[in-house]
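Notes follow once the structure below has been shown.
There are 2 protein chains.
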Amino acid sequence: MNGSAAIAGIGQTEFSMDSGRSELTLACEAVSAALDDCGVAPAEVDGLVTYSTDLNNEVEVARSTGIGALTFYVRTGYGGGGTCAAVLQAAMAVATGVAKAVVVYRAFNERSKTRYGRPQPVAGWPDYVRRNAGGGSRWWPWYLPFGLGTPAQWSSIVFQHYMHRYGVTNEDFGRYAVLARTHAATNPAAFYAGKPLSLEEHQGSRWIVEPVLRRYDCCLESDGGIALVITSAARARDLRHPPAVIAAAAQGLAANGDVVSNYFHDDLARFAELELVADQLWRQSGLTVDDIDAAMIYDHFSPIVFMQLEAIGFCGPGEANHFLADGYGTLDSPLPINTHGGLLGEAYIHGVNHITEATRQLRGTAANQLSSVDHVLVTAGMSGLILSRG
Amino acid sequence: MNGSAAIAGIGQTEFSMDSGRSELTLACEAVSAALDDCGVAPAEVDGLVTYSTDLNNEVEVARSTGIGALTFYVRTGYGGGGTCAAVLQAAMAVATGVAKAVVVYRAFNERSKTRYGRPQPVAGWPDYVRRNAGGGSRWWPWYLPFGLGTPAQWSSIVFQHYMHRYGVTNEDFGRYAVLARTHAATNPAAFYAGKPLSLEEHQGSRWIVEPVLRRYDCCLESDGGIALVITSAARARDLRHPPAVIAAAAQGLAANGDVVSNYFHDDLARFAELELVADQLWRQSGLTVDDIDAAMIYDHFSPIVFMQLEAIGFCGPGEANHFLADGYGTLDSPLPINTHGGLLGEAYIHGVNHITEATRQLRGTAANQLSSVDHVLVTAGMSGLILSRG
Chain L
4 MNGSAAIAGI
14 GQTEFSMDSG
24 RSELTLACEA
34 VSAALDDCGV
44 APAEVDGLVT
54 YSTDLNNEVE
64 VARSTGIGAL
74 TFYVRTGYGG
84 GGTCAAVLQA
94 AMAVATGVAK
104 AVVVYRAFNE
114 RSKTRYGRPQ
124 PVAGWPDYVR
134 RNAGGGSRWW
144 PWYLPFGLGT
154 PAQWSSIVFQ
164 HYMHRYGVTN
174 EDFGRYAVLA
184 RTHAATNPAA
194 FYAGKPLSLE
204 EHQGSRWIVE
214 PVLRRYDCCL
224 ESDGGIALVI
234 TSAARARDLR
244 HPPAVIAAAA
254 QGLAANGDVV
264 SNYFHDDLAR
274 FAELELVADQ
284 LWRQSGLTVD
294 DIDAAMIYDH
304 FSPIVFMQLE
314 AIGFCGPGEA
324 NHFLADGYGT
334 LDSPLPINTH
344 GGLLGEAYIH
354 GVNHITEATR
364 QLRGTAANQL
374 SSVDHVLVTA
384 GMSGLILSRG
Chain C
4 MNGSAAIAGI
14 GQTEFSMDSG
24 RSELTLACEA
34 VSAALDDCGV
44 APAEVDGLVT
54 YSTDLNNEVE
64 VARSTGIGAL
74 TFYVRTGYGG
84 GGTCAAVLQA
94 AMAVATGVAK
104 AVVVYRAFNE
114 RSKTRYGRPQ
124 PVAGWPDYVR
134 RNAGGGSRWW
144 PWYLPFGLGT
154 PAQWSSIVFQ
164 HYMHRYGVTN
174 EDFGRYAVLA
184 RTHAATNPAA
194 FYAGKPLSLE
204 EHQGSRWIVE
214 PVLRRYDCCL
224 ESDGGIALVI
234 TSAARARDLR
244 HPPAVIAAAA
254 QGLAANGDVV
264 SNYFHDDLAR
274 FAELELVADQ
284 LWRQSGLTVD
294 DIDAAMIYDH
304 FSPIVFMQLE
314 AIGFCGPGEA
324 NHFLADGYGT
334 LDSPLPINTH
344 GGLLGEAYIH
354 GVNHITEATR
364 QLRGTAANQL
374 SSVDHVLVTA
384 GMSGLILSRG
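For the record, the sequence lines run as chains L and C. To convert, note that position 86 of the first sequence is 89 in my numbering; the numbers rise steadily by one, no gaps. To convert, note that position 146 of the second sequence is 149 in my numbering; the numbers rise steadily by one, no gaps.
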């Protein structure tokens with residue numbers, strides 16, 4: 004696995020709250036843009052990977068973009084937690100020769116159509132939907148009567164325990180939100196381009212889940228599409244841009260687990276799934292935290308950034324608050340985080356926009372370009388990547 | 004890929020029309036049976052693969068069977084057409100070191116709960132269900148007003164064209180149904196154990212889709228569960244049974260395609276998806292049709308066996324009827340087919356029961372054991388396997 008595959012092309016639509024066109028159109032625009040970006044012809048593509056929650060069938064995306072026969076197509080589940088697992092799948096296909104050029108795509112009208120942040124329509128939907136949306140295990144309906152009807156609500160049970168354990172406040176979380184919005188402000192593709200956020204504005208925004216999450220702790224809900232082209236590192240080196248080599252890719256479902264927000268682990272203040280992912284990333288890549296030049300950390304809600312920084316090992320348990328307060332995360336710090344503005348500032352495209360930003364940083368084409376980038380870590384709670392300059 | 008992974012363990016529940024217990028119970032029984040079969044401890048399992056239509060979450064299956072942390076979990080779509088793709092996924096994980104011991108599972112109460120043979124509840128279900136059930140592309144709703152509401156109906160459009168092209172009749176299809184039921188009759192695990200079918204009974208059974216499918220051309224609808232344990236061929240050789248080495252595994256979505264029954268191909272009498280799969284199987288394994296000692300051919304409806312025999316190359320286009328009439332398919336023929344009774348005679352467990360039968364034939368433990376079996380081919384329309392004696 005180590006280094007045999009690379010992200011050769013990236014493509015995206017604009018990020019908005021009302022795209023005005025179908026999800027299939029968004030998907031095809033993103034796929035075509037990613038192929039154009041690297042110069043791979045649609046006819047070369049023999050693999051398509053997306054997520055179990057994506058409504059765009061492989062056959063339709065292929066037919067509409069000029070892609071022909073496919074020898075690899077698979078979907079990964081567990082919502083945003085599985086974001087990086089799609090890249091793992093694609094890299095496995097390339098490494099084993101099952102496919103030569105795999106496109107990962109994700110496109111939705113997540114703001115103008117079905118908003119993930121709204122209460123999930125569990126009651127009216129059949130088992131099939133609830134279970135495969137990655138949103139719910141068999142136990143989920145038991146939580147609903149207690150008011151846990153949205154991702155913000157069910158995640159906050161875990162976050163509140165974390166706050167209690169380490170004395171972290173919502174104002175502390177706000178410092179991450181301010182950081183993300185600062186980066187978004189200078190990223191023209193970001194929804195919040197030109198609109199930084201002050202800590203006062205954060206603290207003045209309404210509670211979504213008191214005392215855990217305010218409005219500005221919650222990610223955007225976005226319309227948009229993104230695609231990645233993954234091929235062998237050798238082939239990628241012959242294409243238009245320097246490849247983002249997949250140095251490591253992993254997914255993880257901890258023992259006695261559930262989806263990202265689970266109440267079964269012995270220690271709710273630890274992110275057991277990401278610890279499992281991090282172990283694999285270091286082992287596959289041979290790298291350590293000291294080698295990482297920037298990190299794109301899944302941030303559907305501010306607190307999860309704190310827990311992931313600890314799970315990866317950038318700091319110890321309970322130390323993320325001080326880590327960020329000390330200035331880590333900014334563009335000129337030793338570990339810049341979410342340099343595009345993240346899911347709070349750029350867009351919520353299922354977390355796939357973290358992967359495109361990591362690729363841009365390695366190419367040297369990011370809006371907030373860092374000066375020297377060899378290795379970028381990307382996390383998505385239950386999955387992760389290390390991308391390296393090729 | 005070639006030969007690096009193997010099926011080490013198989014497990015199943017009884018096959019019935021009313022299991023009397025939950026789908027999760029069936030899944031866990033099958034998984035535990037497969038692990039017991041080969042002697043792999045639950046704690047060794049680090050991968051779980053199932054189908055996008057399976058309602059049993061990985062977390063629940065793991066928790067209930069003693070399986071711990073997972074580093075690989077993915078789902079394959081396109082219904083029964085994707086059956087062998089789950090084994091491809093597992094083999095890829097083993098080949099790349101992403102997982103060491105992967106369990107594939109499929110369990111449902113497909114007769115006593117949601118019957119796949121009934122009209123699909125498209126109207127009342129949200130997009131999400133229709134699209135991800137593998138049953139429908141964006142075009143599907145356009146077919147519904149014309150009476151194509153069940154798998155039998157939409158498949159028959161293609162089958163009828165095949166009949167027209169090659170002068171094949173329903174009585175010809177009946178000869179395959181008789182063959183399958185003959186094999187099921189002597190398989191104690193089969194739903195139709197002890198109940199062979201005569202051609203007269205077949206021809207006397209009611210039309211499901213006239214003039215294509217009679218009742219006995221249609222597969223069973225079954226309650227039950229099956230699991231497979233896939234690990235490295237080297238590890239498998241140290242376990243309880245001779246391994247069924249995965250000599251080749253492939254999936255295929257033809258250009259300008261749709262799900263298994265599609266109306267877009269230039270030539271509806273050819274099975275373009277399986278031709279694509281077969282090419283990969285021969286290339287991966289280095290084998291040819293002459294090396295195949297037995298074939299387990301996906302048979303949700305009799306006619307698809309004819310089309311698949313031709314797509315694989317066991318006979319030429321339009322020749323399957325003569326091939327079967329000449330006696331191929333029987334236990335003492337050069338190419339025994341569906342020796343367990345297939346989906347018409349044993350059970351409909353999504354086609355996974357074809358994979359268990361192939362494994363048993365290679366081990367020498369099938370109810371209708373063949374005398375000399377080195378290589379068995381398994382098809383599922385859009386995916387396929389070659390398993391070899393280890």
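Glycine included, C-beta positions come from ideal geometry on N, C-alpha and C. Values in this document were obtained by computation on a predicted structure and should not be read as measured data.
- Among the residues of the region 70–83 of chain C, those with a Cβ less than 9 Å away from any Cβ of chain L are 70, 71, 72, 73, 74, 75, 76, 77, 78, 79, 80 and 81, in the order of the chain.
- In the displayed model, residue 9 of chain C falls within a strand according to three-state DSSP.
- Residues of chain L whose Cβ lies closer than 9 Å to the Cβ of residue 279 of chain C are, in chain order, 72, 73 and 74.
- Under DSSP, residue 210 of chain C takes part in a beta bridge, and its partners are C/217.
- Rounded to the nearest angstrom, the Cβ distance from residue 191 of chain L to residue 370 of chain L is 6 Å, consistent with a contact under 8 Å.
- For residue 353 of chain C, there is no enclosing alpha helix (DSSP H), since its DSSP letter is neither H nor E.
- At least one CB of chain L lies nearer than 9 Å to the CB of residue 265 of chain C.
- In this structure, the straight-line span from the alpha carbon of residue 166 of chain C to that of residue 341 of chain C is close to 22 Å.
- At a cut-off of 9 Å, the C-beta of residue 95 of chain C has a neighbouring C-beta in chain L.
- Beyond the five residues adjoining it in sequence on each side, residue 380 of chain C comes within less than 6 Å, by CB distance, of 295, 298 and 389 in the same chain, given in chain order.
- Fewer than three Cβ pairs drawn from the region 320–335 of chain C and the region 239–251 of chain C lie within less than 8 Å of each other, which leaves the two stretches out of contact.
- The beta carbon of residue 91 of chain L falls within 9 Å of a beta carbon belonging to chain C, placing the residue at that interface.
- Between residue 106 of chain C and residue 52 of chain C, the CB-CB gap stays under 9 Å.
- Looking at L/45, L/38, L/199 and L/363, the one whose alpha-carbon comes closest to that of residue 247 of chain L is L/363.
- Residue pairing of residue 235 of chain L in beta bridges, as defined by DSSP: L/8.
- Here residue 193 of chain C is near residue 18 of chain C, since their CB atoms are less than 9 Å apart.
- Listed along the chain, the chain L residues whose CB falls inside 8 Å of the CB of residue 100 of chain C are 4.
- When DSSP states are grouped into helix, strand and coil, residue 53 of chain L belongs to the strand group.
- With contacts defined as CB atoms closer than 9 Å, residue 207 of chain C and residue 155 of chain C fail to qualify as a contacting pair.
- From the listed residues L/48, L/59, L/77 and L/92, the smallest Cα separation to residue 253 of chain L is found for L/92.
- Annotated as distal: residue 86 of chain C and residue 307 of chain C, with beta-carbon spacing of 9 Å or more.
- Partner residues in the beta bridge of residue 76 of chain C, as assigned by DSSP, are C/51.
- If you check the CB distance, residue 109 of chain L and residue 353 of chain L come in under 9 Å.
- Residue state for residue 385 of chain C is assigned as coil, using DSSP reduced to three classes.
- Inter-residue distance for residue 46 of chain C and residue 70 of chain C is about 5 Å (C-alpha atoms, whole angstroms).
- Of all residues in the region 152–186 of chain C, none comes within less than 8 Å of chain L when Cβ atoms are compared.
- Pairing residue 377 of chain C with residue 360 of chain C, the inter-Cα distance amounts to about 14 Å.
- For residue 366 of chain L, no CB of chain C lies under 9 Å from its own CB, so it is not counted at the interface with that chain.
- The criterion of a C-beta distance shorter than 9 Å is not satisfied by residue 266 of chain C and residue 83 of chain C.
- Look at residue 33 of chain L: its C-beta is not under 9 Å from any C-beta on chain C.
- Take the alpha-carbon of residue 88 of chain L and the one of residue 316 of chain C: they are about 36 Å apart.
- Scanning chain C for C-beta atoms nearer than 7 Å to the C-beta of residue 61 of chain L yields 256, reported in chain order.
- Distance check between residue 313 of chain L and each of L/74, L/24, L/169 and L/393 places L/169 closest, using alpha-carbon atoms only.
- Cβ-Cβ separation between residue 228 of chain C and residue 15 of chain C: approximately 7 Å, consistent with a contact (criterion under 8 Å).
- Per DSSP, the unbroken alpha helix (DSSP H) holding residue 309 of chain L starts and ends at 305–315.
- Residue-level contact check: residue 114 of chain L does not touch chain C, since none of the beta carbons of chain C fall below 9 Å from its beta carbon.
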